[in-house]
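Read top to bottom, the protein sequences are chains U and Y. Just so we're aligned: the first sequence equals residues 1 to 407 in full-length UniProt numbering. Just so we're aligned: the second sequence equals residues 1 to 407 in full-length UniProt numbering. No residue lacks a Cβ here, since even glycine has one placed at the ideal position from N, Cα and C. Predicted model only: the values in this text are computed from it and were never measured.
There are 2 protein chains.
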Amino acid sequence: MNPFATHFESLEEFADRVSELLQCPITIEDANHRLIAYSGHEHYTDPARTATIIHRRVPERVINSLWREGVIPKLLQSEEPVRVAEISEVGLGNRIAISIWRNKEVLGFIWAIEMNEPWTEQQLDLLKQAAKSAKNLLLQLQIRKNKKEERIQEFFWKLLTGHFPSPHEVIEQCHQLNVHVYPFFSVGIFQFQQHIQTQVERQIDYLLKTTQQLAVPLYTIDHQRLIVLVAPSSNIYGEAHIERFFRSFITQMKERFRVDIMMGAFGNVYECYTKIAKSYEEAQTVLKMKRAFPHPLANIQGYQHLGMYQFFDLLFEKKRHGDFHNVALENLKQYDAQHHTNLVETIETYLDYDSNVNETAKALNIHPNTLAYRLKRISEIGNIDLSNMSEKVKLYIDMKLDKYRTT
Amino acid sequence: MNPFATHFESLEEFADRVSELLQCPITIEDANHRLIAYSGHEHYTDPARTATIIHRRVPERVINSLWREGVIPKLLQSEEPVRVAEISEVGLGNRIAISIWRNKEVLGFIWAIEMNEPWTEQQLDLLKQAAKSAKNLLLQLQIRKNKKEERIQEFFWKLLTGHFPSPHEVIEQCHQLNVHVYPFFSVGIFQFQQHIQTQVERQIDYLLKTTQQLAVPLYTIDHQRLIVLVAPSSNIYGEAHIERFFRSFITQMKERFRVDIMMGAFGNVYECYTKIAKSYEEAQTVLKMKRAFPHPLANIQGYQHLGMYQFFDLLFEKKRHGDFHNVALENLKQYDAQHHTNLVETIETYLDYDSNVNETAKALNIHPNTLAYRLKRISEIGNIDLSNMSEKVKLYIDMKLDKYRTT
DNA sequence: ATAGCTTTTGTGGAAATCCACAAAAGCTCG
DNA sequence: CGAGCTTTTGTGGATTTCCACAAAAGCTAT
């Protein structure tokens, strides 16, 4: 006989019933570790549970330790209860956890605190039955969510394409759709190795929902790309926060789910919501440039750190139009071709290494004096003053533009 | 009784007659020291005269010494004969010269070689009469020239505005107008302090016609600007030749005629005649940038050496559109405002001096260690890697663009 | 092949840079 | 005012750069 066969008004009522039967505190989470319901009886409660209830989500530190300990992978693999030993550094007491399944998908988890005595087989069976019964209750939530999700997706695309002329409209829409409005934001893109499958979509959703490094009020998936709206908590260090989040997202996708992300990119941080489209464009520019200049931009994600590559699209357009042919560079190329020398490579490397003689010589495998000699020749043949920033800049950009052409 | 009252078939005939009467070699030049006629009698001839006859113009070295010795200024001031002592380093023997006048304008010169004996008063009078008679003969030449000149002016403006789609048409027109076609060319502009008066026009014409540093097949005057088509003799060192010519033109205008030229500028050297319009635009860009950045571009005249300023128009357009606001720079500005520091000035000067610590410190009147400290702070506050060329370039350009805005 | 060029590598010394550390001066805020 | 911060200047030493000069190696054209 199933003790949960009765009708429950709410999930809270269900949680209380489970707690009553098992004589311990119960917490129910969705697949993304957001709090769905918890029992209210007066029992001992560990700090991790208290924090979860207060913030309506499991703290990220706790989630991370659970992954590290292998608990969550186990929960995602089987329908059996999992015993979790105390993890005192995150305030987690002894626990019993079980996943809630529908078909092959995990809808959520039930967490029980293991009080003084170890659980009996009977108690574990009871928990399994509870997990089965929770399924239907969770499904109802799910359906309500999905409908809303679709409308939110549409809204996000409108934002990305600059559909809203005034910020008021955006904020109004946010309120209607129950999307939290943050003071600062940026648009980011993750480029995946492959088309993003449904399973990966769930894993993305999981990571985005569980992270607490910054808020991700909106995201969408488009072929091989994941587009996110991120809201760092501070304006001044926003860039750095997003940067860190992007790196951890990429490593977590890899380590936890074995999903490779080729690269991430994000635009500037803005305050006005009409600038979402601009931030999105900037993120796209970063991706484009990273593809064209993989080596120098390997560690760049933010538009701010794109440096001079920010305006390469513009310059390249002009160059294709036949403008700025650089006589100095042409002379150097010609000299290289006629004398089998490497003057262009030399000056490019030299500038890549910020005019540092030692490093450049090392990179080119030549003696520093050889480098000095070549630089002298370069300034002669190209008629360039290598101690003039403006000329150096022009030459550097022209060389890089040449490479861009070939992409 | 005037011995030159008869009709002369040609200027040569006239020159011979003068030579006969004075018993010495006679050379007649126009106002720009081009050979118009010379006597053919067998007399002693100094090397300067020989060279003049062979090249159909007075060698530039000779003209320059005549200016230096004050001969030409004297000729341009009075109608009296001028005695010229030997200038052996340019092969010029003892001479008597006189200018040919119409109203207040000098049309040309008559040169006589003073043979063994000094001239008598009678001989000098004869020369004065010859100069008077030469006037009418020269005037006829002048009128024929002026008509052609107008059509050439129109042609040049068509070239500057890109009116001809194919080079063949250009070359055909050149042949029709008797304009020499050169293999390489560039368009240059001189910006004068004031509107160019008729008198200055003649002085310009004089300098352009007498120079032999490079060919100036076409030129025109437009308000405060003189626009020239220059044809350097070599392609490889074309830039340098034009550069030198521009400098000497400016100093000569100043020294000889007390006319101030604010600046000169010229575009790239091209081979195809349809690119005249482009070279002209480039020259205009140089002028524009020199106006906006007088200090760093004080010594720049050629478009090739504009360096990064070549594309500032383009970038500024984009910037005005609201793109690339540089968070690093904004942070630095804010810090400067709040703490009464000079970080922006510091980094700008540092980059102006090509990252040279000593020079920068000297320019800013601070201790090198102070500079080092400030640079550390700059990289912290702006979150900039100052050993990354691309970031430096971006920052430098953004700072200079900021200055461009205020122009 | 060899003379005459360019290019590479080496040596050594003066100058500049970088770095760590510390004293002093200046500014801000309770 | 004075504690605590930032900023400036100073000292000294390891490292790097710059420069001049020279030997050696490589290329090219006669």
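Drop a sphere of 10 angstroms on the beta-carbon of H33(Y), count the other beta-carbons inside from all chains shown, and report buried for 16 or more, exposed for fewer.
-> buried
Can you tell me where the beta strand (DSSP E) holding A231(Y) begins and where it ends? 225 to 231
Q.
I'd like the span of the beta strand (DSSP E) that includes Y38(Y), first residue to last.
A. 35 to 38
Pull up the distance between the alpha-carbon of F184(Y) and that of S166(Y), whole angstroms please. 16 Å
Q | Extent of the continuous alpha helix (DSSP H) run through Y219(U) | A | Per DSSP, Y219(U) belongs to no alpha helix (DSSP H); it is in the beta strand (DSSP E), 215 to 222.
From K288(U) to Y396(U), what does the alpha carbon distance come to, in whole angstroms? 19 Å
C-beta contact flag for L314(Y) and L314(U) at 9 Å
yes
Are the beta-carbon atoms belonging to D30(U) and G108(U) less than 9 Å from one another?
yes
Interface partners of H305(U) on chain Y, CB under 8 Å = In chain order: E391.
Our contact map puts E189(U) next to I227(U) with C-beta atoms below 8 Å; I'd like the distance itself, whole angstroms only.
The sequence shown places Ile at residue 189(U), not Glu. Contact holds; Cβ gap of about 5 Å.
- Would you list the residues sitting across from Q182(U) in a DSSP beta bridge? It should be noted that the sequence gives Tyr, not Gln, for residue 182(U). DSSP output for Y182(U) lists no bridge partner at all.
Against chain Y, with Cβ distances strictly below 9 Å, would P296(U) count as a contact?
yes
- prompt: Hey, out of V62(U), I110(U), H55(U), E391(U), whose CA is closest to C24(U)'s CA?
  reply: I110(U)
Per-residue DSSP class, three states only, for S10(Y):
coil
* Asked: Since F156(U) contacts L218(U) with CB under 8 Å, what's their CB separation in whole angstroms?
  -> 4 Å
When the cut-off is 9 Å and only beta carbons count, does N103(U) lie next to chain Y?
-> no
Give a yes or no on whether the minimum CB-CB distance between M308(Y) and chain U is below 9 Å. In terms of beta-carbon proximity, M308(Y) lines the interface with chain U, with at least one pair separated by less than 9 Å.
Where M308(U) falls: helix, strand or coil (DSSP):
helix
- Item | Given R320(U) as reference, the closest of V200(U), K403(U), V286(U) once Cα atoms are compared | K403(U)
If the cut-off is 8 Å on Cβ atoms, which residues from the stretch 365 to 388 of chain Y count as contacting chain U, listed in chain order?
Hits within the stretch, in order: N383, S387, N388.
Report task. Answer with yes or no whether the minimum CB distance from K288(Y) to chain U is below 9 Å. Result -> no
request  = Please list, in chain order, all residues of the same chain as T349(U) whose beta carbon is under 7 Å from its beta carbon, the five residues on each side excluded.
outcome  = T360, A363, L364
**Asked** Whole-angstrom Cβ separation of V179(U) and Q304(Y), contact assumed at under 8 Å?
**Response** Between V179(U) and Q304(Y) a beta carbon distance of about 54 Å is seen, past the 8 Å cut, so the two are scored as non-contacting.
Quick one: what does DSSP say F190(U) is sitting in, helix, strand or coil?
Strand, per DSSP.
Problem set entry | Within 9 Å, strictly: CB atoms of F257(U) and Q301(U) | For the 9 Å CB-CB criterion, F257(U) and Q301(U) do not form a contact.
For M262(U), does the three-state DSSP call read helix, strand or coil? strand
query: Does any heavy atom of the ligand ZN sit closer than 8 Å to the C-beta of I366(U)?
result: No copy of the ligand ZN appears in this structure; indeed no ligand is present at all.
### Query
Alpha carbon to alpha carbon, how far is L214(U) from H55(U)?
Distance between the alpha carbons of L214(U) and H55(U) is about 14 Å.
Check your understanding: chain Y partners of Y404(U), CB-CB under 8 Å?
Key -> Simply none; closest approach about 13 Å.
Exercise for review: Measure the C-alpha to C-alpha separation of V181(Y) and L35(Y) and round it to an integer number of angstroms.
Suggested key: 22 Å
Can you find the residues in the same chain that come closer than 7 Å, C-beta to C-beta, to Y335(U), ignoring five residues on each side of it along the sequence? T341, L343, I381
*asked:* Once the 5 residues before and after Q129(Y) are set aside, which same chain residues still bring their CB inside 8 Å of it?
replied: N2, P3, F4
Environment of residue 420(Y) [buried if 16+ CB atoms lie within 10 Å]: In the structure as shown, chain Y begins at 1 and stops at 407. Residue 420(Y) is therefore absent and cannot be evaluated.
query: If we count Cβ pairs, one from each stretch, closer than 8 Å, do we get three or more for the stretch 384 to 400 of chain Y versus the stretch 383 to 399 of chain U?
result: The stretch 384 to 400 of chain Y, when compared against the stretch 383 to 399 of chain U, does touch it at the 8 Å Cβ threshold.
- [ ] Indicate the three-state DSSP secondary structure (helix, strand or coil) for W157(U) in the structure shown.
- [x] For W157(U), the secondary structure class from DSSP, reduced to helix, strand or coil, is helix.
Notebook entry, point to check: Is there a Cβ from chain Y that is less than 9 Å from the Cβ of L160(U)?
Noted result: Taking Cβ atoms only, chain Y never reaches closer than 9 Å to L160(U), which makes this a no.
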